[in-house]
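Q: Have a look at this one before I ask anything.
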C-alpha cells in the first residue's frame, strides 16, 4: 500500500502495488458482501449463490451454481453441507470434511409447515428433515423441467413453479400434479413468482401473464385488468404481499407495479418504475419488504411513503456481481439476503438511507468564442465584450462514489424560462448571440442518490452592447423608422381615399343596376308563382294552390271543434269549412256540337258567375274539366244550402254567350260537405274525405236528373273508427242508417226517387244547422 486519501464524502481511497485503486466507505453500515471462503475444502468455496433459505432453527441454507447446499449459522459461517443421492439419504458434512461436490444443482428451497425442507432441482423435488441430521426423506419427480419457485401453502400444499408450468403436491399424496387453466387448458409458461394472499388465494406470475388460483379451487384463472390500468408488460417475474397486504409486482421489461384495486374480477395497476423514468429494465424480481414498508431487491429500493426510487450500485455496497433472480431470503432478525455471482449481499435495511452527502460544485473549464480561457475568478462574474458572442462553461460535482449517477441542471436567468437538465456525460452550459444586458448563470448538482446539493453556482454574466446596440443609436433608428412609417401611411391614406371615392361611385352605379334587375326578377318570380297556382283559362285557383293552403285551414277548423267538444270552449257560428263541388250539366254535348271554343266560353262564364256568388276570401278552384271546387271559409253551416241554390240559379237562369251570336242555356249539379262533419269526432274525417263526400253527393244529383244540389250537414258515430267506416258506405245507405244528415234542393223528385227522400229540405237547413252547432 502506497497511498491513503480521505475525500470530502468520507470515502477512504487506497492505492498500492498489486491492489490498484480501491475505496472504502466508512459510512456504509447497511450493505456488505459475504464472499466465498478462501479455504478450498470449505462448503462455501464457490460464491455463485442461486437460492437462499433460513429455516426455523436459524440455519441458513445456501445453494450454489456448482451444486449442493451449504449450511450456515446466523453469522453466515459455513457449518455443514448437504449431499443428495439419487436414492437413499443425504449426507451431512462439516466444514472440515473433504468430499466431492454434490452432483445436483438446487434452484429453489422452502420449509413446509411440518418443519421439513423441500429442495427443487431439474424435474425433481427432495424432502429433508430439519433436525441436526438433515436426512433426505423423499424424492419426487415432476414434469416441469427445472424448478424455479417453491411455496408452502397454509393448507399444507406444496406449490411448485417450473420452467414449464405450475404444479401442486397435496398433503398425503405422493404425486406432483400439474395445475391447469380454466377449462382444462395447460399453461406452458415459465413460472417466475408465487405468492399467497391473505384470503388464501394463490397469485402466480409467469411469462404469459398474471394468474390466480382462488382458495379451494384447482384451476388457474387469468387476472384481467381495467382498461388503461394494465400491466405495462405481461411477463411477471416478482410478486410480494407487504404488511398492508398490498400486492407488488415486478415485470421483465417495465419494472415495479402496485395493484391499486381488485374487485374479484378485474384489477388496476400503478406503474411505479415507469413513472420514475426507469424503462426497459426490471426492478429485480426478488421483492422483499422491510420494517419501514420499503420494497427491496438487489437492484433497487422503493419507499412508498416518500415515493422515492433508489438504485443500488457498487457505491452503496451492492457489489454482488450478477444478482440472480429467485435467490433471496429474509432472516428472522430482519436482514435481507440476495444471491449473486460474487456471493451473498447482506442488507441491514434499518441502517440504510439514501446518501445525504452534498457535493461541492466547481467550474472546470471556460470557453469564449470557442477558445478556452482561464476560469480563474469566474465566480466573481463574467463580462463579454461586444465582439465576444458566445461562451460555454463546463462544471463538475466532487462526488466520486458513483459519478455516472450524478445529475446536473443549469439556468441562465433572464434568458432561460426554467432549469435545463443535464446528465453526467454532458456537464456543459453553452450560450451564443445573447442580447446585451445582465444575466445570472445558476448551476446545481445532485449526489448519487439524486438529492440536490445546496452548493449551487451563481455566476453573474454581463454582455456589453456594440455601438449599434447602444440606446442612442436605437433611439435614432426608431425615430427614422417612425418618420418613414408616417410618410408611407400618409401616402397610402391619400391613395386609398382616392380609390375609395372611385369604388363608391362604381358601387352606387352597380347597386342601382342590381336593384333594377332584382325588382324585375321579383315581379317575374311573383308572376311565375301566381301562374303556377292559377288556372289559365278561368283565372281561378288550381289544385296546387289548394294543396298548399288547405291544410292550415282544415287544422284550425278541427282544433276549434275539438276545443268545443272536449273543453267546452265557445264555438263560433262560422267555424269550419264547406266544400262545394259544381259540375256543368251536359257539357260534353257543348264541346261535341258547338266546338271546344264554345266549351271554353261556357267554362269562363260559369267561373264568373261563381265569383259573384262566393266571397274573395273563399277558395274557387277549377277542379278539372267542367268541375269546380269551392271552399267556403268562415261560413256558417246554415248558409250552405243558400249558397248551393244561389250558385245553381246563377248558372241556370241566364243563357251563355258562345261568342258567335249564338246563346246556349245550361244547368249545373252541386254537392257539398261541411267540415268537420262530426262535432264529436272532428279529426275522424280529413278534408280529402269531405271532398269525396261532396263528390258522392254531386253524382247523386247527376243520377237523379241534374239541376240540383245535395249536401252533408253533419254526421255522428260511436267512435272515430265507426264514423270512418260509415263514411265509406254509399251515401243513400248512410243516410237511411241515420248516421248522416243530408240537405237537398226542393222540390226535386229525382232525389226522392234515388233514395234521398229523407234529405232535409232547403228551408229546414237553418234549424238543423243550429242543432248541430249546439
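Numbering (my numbering), first residue to last: 36 to 809. Positions of the beta carbon are idealized from the N, C-alpha and C atoms, including for glycine.
Is residue 294 buried or exposed, if buried means 16 or more other CB atoms sit within 10 Å of its CB?
A: buried
Q: Look at the alpha carbon of residue 39 and the alpha carbon of residue 50, and state the distance between them as a whole number of angstroms.
A: C-alpha separation (whole angstroms): 7 Å.
Q: I'd like to know whether the C-beta atoms of residue 271 and residue 289 end up nearer to each other than 8 Å.
A: Cβ atoms of residue 271 and residue 289: not closer than 8 Å.
Q: So residue 749 packs on residue 786, CB below 8 Å; how close in whole Å?
A: About 19 Å; that fails the 8 Å criterion.
Q: Just verifying my parser: in three-state terms, what is the DSSP assignment at residue 130?
A: Any reading at residue 130 must be qualified, since the residue scores a pLDDT of 47, below 50, and its modelled position is unreliable; the value itself is stated next. Three-state result, residue 130: coil.
Q: Judging by CA-CA distance, which residue of 165, 732 and 582 is the nearest neighbour of residue 768?
A: Residue 768 has its Cα closest to that of 732, out of 165, 732 and 582.
Q: Can you check the segment 698-749 for any alpha helix (DSSP H) of at least 4 residues that lies completely inside it and give the ranges in chain order?
A: 722-738
Q: Which of the three DSSP states, helix, strand or coil, is assigned to residue 125?
A: Legend: pLDDT at residue 125 = 48, less than 50; position of this residue unreliable, value from coordinates given subsequently. Residue state, collapsed to three classes: coil.
Q: Using a Cβ-Cβ distance cut-off of 8 Å, determine whether residue 356 contacts chain C.
A: In the displayed structure, chain C is absent; only one protein chain is listed.
Q: Would you mind giving the Cβ-Cβ distance between residue 737 and residue 780, rounded to the nearest angstrom? I have them listed as a contact below 8 Å.
A: Between residue 780 and residue 737 the Cβ distance is about 13 Å, and since that is not below 8 Å, they are no contact.
Q: May I ask you to report which of helix, strand or coil DSSP gives residue 686?
A: helix
Q: According to DSSP, is residue 571 helix, strand or coil?
A: coil
Q: With 16 other CB atoms within 10 Å as the buried threshold, where does residue 800 fall?
A: With a pLDDT of only 47 at residue 800, under the threshold of 50, the placement of this residue in the model should not be trusted; the figure read from the coordinates follows. By the 10 Å Cβ count, residue 800 comes out buried.
Q: Give the DSSP-derived three-state secondary structure of residue 761 in the structure shown.
A: helix
Q: Rounding to the nearest angstrom, what Cα-Cα distance links residue 720 and residue 605 in this structure?
A: 22 Å
Q: Which runs of the alpha helix (DSSP H) fall wholly inside the segment 138-214 and span at least 4 residues, in chain order?
A: none
Q: Ignore the nearest five residues each way along the sequence and tell me which others in residue 179's own chain have a CB closer than 6 Å to its CB.
A: 197, 199, 200 and 202
Q: Leaving out five residues before and five after residue 224 in sequence, what residues of the same chain have Cβ atoms less than 7 Å from its Cβ?
A: 200, 241, 242 and 243
Q: Look at the alpha carbon of residue 165 and the alpha carbon of residue 238, and state the distance between them as a whole number of angstroms.
A: Each residue's alpha carbon lies about 28 Å from the other.
Q: At the level of alpha carbons, what is the spacing between residue 473 and residue 451?
A: 13 Å
Q: For residue 746, which of 714, 613, 645 and 581 has the nearest alpha-carbon?
A: 613
Q: The alpha helix (DSSP H) with residue 634 in it runs from where to where?
A: 631-648
Q: Let me confirm a value: residue 384 is counted as buried when at least 16 other C-beta atoms fall within 10 Å, else exposed. Which label applies?
A: buried
Q: Are the Cβ atoms of residue 636 and residue 707 separated by less than 8 Å?
A: No, these two residues do not count as a Cβ contact at 8 Å.
Q: According to the neighbour-count rule (16 or more other Cβ atoms, all chains shown, within 10 Å of its Cβ), is residue 742 buried or exposed?
A: buried
Q: What separation, rounded to the nearest whole angstrom, lies between the Cα atoms of residue 389 and residue 79?
A: 32 Å
Q: So, does the segment 412-419 touch the segment 437-448, judging by three or more C-beta pairs under 8 Å?
A: no
Q: Which residues share a DSSP beta bridge with residue 380?
A: 68 and 373
Q: Excluding the five sequence neighbours on either side, which residues of its own chain have a C-beta within less than 8 Å of the C-beta of residue 326, listed in chain order?
A: 369, 384 and 385
Q: Span of the beta strand (DSSP E) holding residue 237?
A: 237-241
Q: So, helix, strand or coil for residue 503, using DSSP?
A: Residue state, collapsed to three classes: helix.
Q: By alpha-carbon positions, which one of 365, 269 and 204 ends up nearest to residue 94?
A: Of the candidates 365, 269 and 204, the one whose C-alpha sits nearest the C-alpha of residue 94 is 365.
Q: Can you check DSSP and say which residues form a bridge with residue 497?
A: 418 and 473
Q: Mark residue 47 as exposed unless 16 or more other C-beta atoms lie within 10 angstroms of its C-beta, in which case mark it buried.
A: exposed
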